[in-house]
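Asker:
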Amino acid sequence: MTATWRVELADLRTDRTLADVEATGVEFDRLIGRPGSLSCTLVIPDPVTADLVRPCEPQRTAMYVYRGDRDIWWAGIMWRRTIERPRRGPHMVRLQAASFESYLYRQVPLFIGDSETFVDMDRFDVVRYLVNRVQAEPGGDLGITVDATLSGTLITVAWPWNNGTSYGAAIDQIADVEGGFEYGIDTYHDSSGDRVRHMRLGSPRLGRVEAEHELSDPGNLLTWTWDEDGTRGGTSFRCRGGGVPVGNETRPASHDDGTVYEPAQDYLDAGWPLVDVVRDYSDITDGATLRALARAEMSRSSGSVATPSVTVRLSETDVTPQHLGDTVRIRISDSWWTPALDISRRMIGFKVRPPERGQSDESMEIYLEGID
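If you use UniProt numbering, the sequence shown corresponds to residues 1 to 372, in order.
1. Flag this pair as touching only if the stretch 205-219 and the stretch 312-330 have three or more C-beta atom pairs under 8 Å; answer yes or no.
2. Which ranges does the alpha helix (DSSP H) cover as unbroken runs of at least 4 residues, wholly within the stretch 250-311, from first to last along the chain?
3. Starting from the N-terminal side, write out each stretch of the beta strand (DSSP E) that is 3 residues or longer and does not extend beyond the stretch 88-156.
4. Whose C-beta lies closer than 6 Å to the C-beta of ILE330 among residues of the same chain, with five residues either side of it excluded?
5. Return the first residue and the last residue of the alpha helix (DSSP H) that LEU52 is part of.
6. Could you work out which residue in ARG106, GLN359, VAL146 and VAL278 is closest to ARG123 when comparing CA atoms only?
7. Within 10 angstroms of its Cβ, does TRP74 collect 16 or more other Cβ (buried), or is it exposed?
8. Based on DSSP bridge pairs, tell me the residues matched to TYR183.
9. Whole angstroms are fine: how far does the CA of GLY25 sit from the CA of ALA39?
10. Taking the DSSP output, what are the residues bridged to GLU214?
11. So what does ALA10 bridge to, in DSSP terms?
12. Pick helix, strand or coil for PRO321, following the three-state DSSP scheme.
13. Where does PRO355 sit, in a helix, a strand or coil, going by DSSP?
14. If you reduce the DSSP assignment to three classes, tell me which class SER315 lands in.
15. Three Cβ pairs or more, each shorter than 8 Å: is that satisfied between the stretch 271-291 and the stretch 306-317?
16. Round the Cβ separation of SER301 and GLY234 to the nearest angstrom and send it over; I've been treating them as touching at under 8 Å.
17. Along the beta strand (DSSP E) that carries ASP229, what are the first and last residues, could you check?
18. Flag this pair as yes or no: are the beta carbons of GLU362 and SER315 separated by less than 8 Å?
19. Quick one: Cα of VAL126 to Cα of LEU221, how far?
20. Classify ALA340 as helix, strand or coil using the three-state DSSP reduction.
21. Using CA atoms only, rank isn't needed, just tell me which of ASP227, TYR261 and THR231 is closest to PHE237.
22. Measuring only the C-alpha atoms, how far is HIS213 from VAL319?
23. Can you tell which of PHE350, PHE28, TYR188 and ARG232 has the C-alpha that lies nearest to the C-alpha of LEU95?
24. Within the same chain, show all residues whose beta-carbon is closer than 6 Å to that of GLU210, passing over the 5 residues directly before and after it, in chain order.
25. Hey, quick one: how far does the alpha helix (DSSP H) through ALA169 stretch, first residue to last?
26. Among THR82, TRP272 and GLY143, which one has its Cα closest to the Cα of LEU104?
27. Can you list, in chain order, the residues of its chain with a C-beta nearer than 6 Å to that of VAL177? Leave out the 5 residues immediately preceding and following it.
28. Within 8 Å, do at least three Cβ pairs link the stretch 132-139 to the stretch 153-164?
29. Report the three-state DSSP secondary structure of THR4 (helix, strand or coil).
30. Determine contact between the stretch 62-78 and the stretch 186-196, defined as no fewer than three beta-carbon pairs at a distance below 8 Å.
31. Alpha carbons only, please: which of LEU12, ASP51 and TYR64 is nearest the one belonging to PRO58?
32. According to the neighbour-count rule (16 or more other Cβ atoms, all chains shown, within 10 Å of its Cβ), is VAL7 buried or exposed?
33. GLU84: which of ALA50, VAL65 and ASP269 sits nearest, CA to CA?
34. Apart from the five residues on each side of it in sequence, which residues of its chain come closer than 7 Å, Cβ to Cβ, to ASN248?
35. Skipping 5 residues on each side, what residues in its chain have a beta carbon closer than 8 Å to that of ILE366?
36. Which residue marks the beginning of the beta strand (DSSP E) containing GLY25, and which one marks its end?
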């Protein structure tokens, strides 16, 4: 039997429910490493519905997508609302939202003094400080709690005062280095029935390796896509930091040649061409940090990067949004894969289009970790 899907709108700061509505054209996704998105349309057939939806304004409204009574499959912040009066039919309200991680990118720290410096501090302690710092600002408390675990890695990092770096970008900088970490904000009901917004931290990754979900064709796997992209990868990885300008380059104060360079030597030796991947980090001057960033980029983007995705029947799989980061075993036996494909990869994201009223096909597109 197909589950019931619904969208609930609530006040962002108090989480007080404002409207529980039926939406059409619902589509949402989540990805490790960036905020997820949601789009949908509300049909406004009468003044009563209009009165419910009218106070639900962008920037101050939380959105929740439920599958069944209590299972939250997506949660985030409404950032855009478009109200339409067509020539015929009722009013339409089109909504666009991003998951709660997006809030961290809309807040810029204003630290007291020349810079905010952390010396030999565990990475997760820095993350907790930043998340608590943004929520300590007037109007900034969204009730987001953070894992109490430690990463086991000490870092020294500094952000200049008012340099424009958002809290989200600051967290990304310390997450993206070699041997970094992953995070995501999950939303669920606790034992008392209250909604909880909780940031999950994983070092070096989220998810459970031992939790291997089975997907197969023939079986519960409906379609698959294998996207191979040579423009996303390379064989030479350069990270440029902030410092004294030299021509069109910038020279990090702690690195003489102005750029940290890491070649993917195994690929070059195997006959791959020289293809540069260049990343700029204007507020980083430490050579060791830049080198760790370059090595991390090399580990995930050497050569041509293949990004598989599969679509599965929701009724025939145990995969849910809480399994982001878990290992998925894919087995495919068809005319393309000879011999049959049998691989295990991490689930790094998903997209869902809930069925419209009268439809019964519930499916989920799962994005798997890239393969070089």
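Note that CB positions come from ideal geometry on N, CA and C, so glycine has one too.
Answerer: Taking the geometry as given:
1. Three or more beta-carbon pairs separated by less than 8 Å link the stretch 205-219 to the stretch 312-330, which places the two stretches in contact.
2. Counting whole runs of 4 or more residues, the stretch 250-311 contains the alpha helix (DSSP H) stretches 265-269 and 287-301.
3. Counting whole runs of 3 or more residues, the stretch 88-156 contains the beta strand (DSSP E) stretches 91-99, 115-122 and 144-146.
4. For ILE330, where only same-chain residues beyond five positions count, the Cβ hits under 6 Å are LEU215 and ILE343.
5. Counted as a single uninterrupted DSSP element, the alpha helix (DSSP H) harbouring LEU52 occupies residues 47-53.
6. Considering only alpha carbons, the answer is VAL146.
7. Buried.
8. DSSP lists LEU201 as partners of TYR183.
9. The sequence as given places Ser at residue 39; Ala does not occur at that position. Between the alpha carbons of SER39 and GLY25 lies a distance of about 7 Å.
10. Answer is ARG329, bridged to GLU214.
11. THR17 and ALA62, per the DSSP bridge assignment.
12. Helix.
13. PRO355: coil per DSSP, three-state reduction.
14. Note: SER315 maps to helix in three-state DSSP.
15. No contact exists between the stretch 271-291 and the stretch 306-317.
16. Contact flag correct, Cβ pair sits at about 6 Å.
17. Segment 221-229, the beta strand (DSSP E) holding ASP229.
18. Yes, these two residues count as a Cβ contact at 8 Å.
19. Going by the C-alpha atoms only, they are around 41 Å apart.
20. Correct three-state label for ALA340: coil.
21. Per the Cα distances, TYR261.
22. Cα to Cα, the separation comes out at about 7 Å.
23. The option with the nearest alpha carbon to LEU95 is PHE28.
24. For GLU210, same chain residues with a beta-carbon under 6 Å away, outside a window of 5 residues either side, do not exist.
25. Its alpha helix (DSSP H) spans residues 167-175.
26. Checked all of THR82, TRP272 and GLY143; the closest Cα to LEU104 is GLY143.
27. Excluding residues within five positions, the ones whose Cβ falls inside 6 Å are ALA292, LEU293 and ALA296.
28. No, because fewer than three Cβ pairs between the stretch 153-164 and the stretch 132-139 fall closer than 8 Å, the two stretches do not touch.
29. Coil, per DSSP.
30. Output reads yes: the stretch 186-196 touches the stretch 62-78.
31. With respect to the C-alpha of PRO58, the residue from LEU12, ASP51 and TYR64 having the closest C-alpha is LEU12.
32. By the 10 Å Cβ count, VAL7 comes out buried.
33. Here the closest residue by C-alpha is ALA50.
34. At ASN248, the pLDDT of 43 sits below 50, so the modelled position is not reliable and the matter cannot be decided from this model.
35. Correct list, in chain order: LEU215, SER309, VAL310, THR311, VAL312, VAL319, VAL328, MET347, GLY349 and PHE350.
36. Membership of GLY25 in the beta strand (DSSP E) is indicated by the continuous run 23-31.
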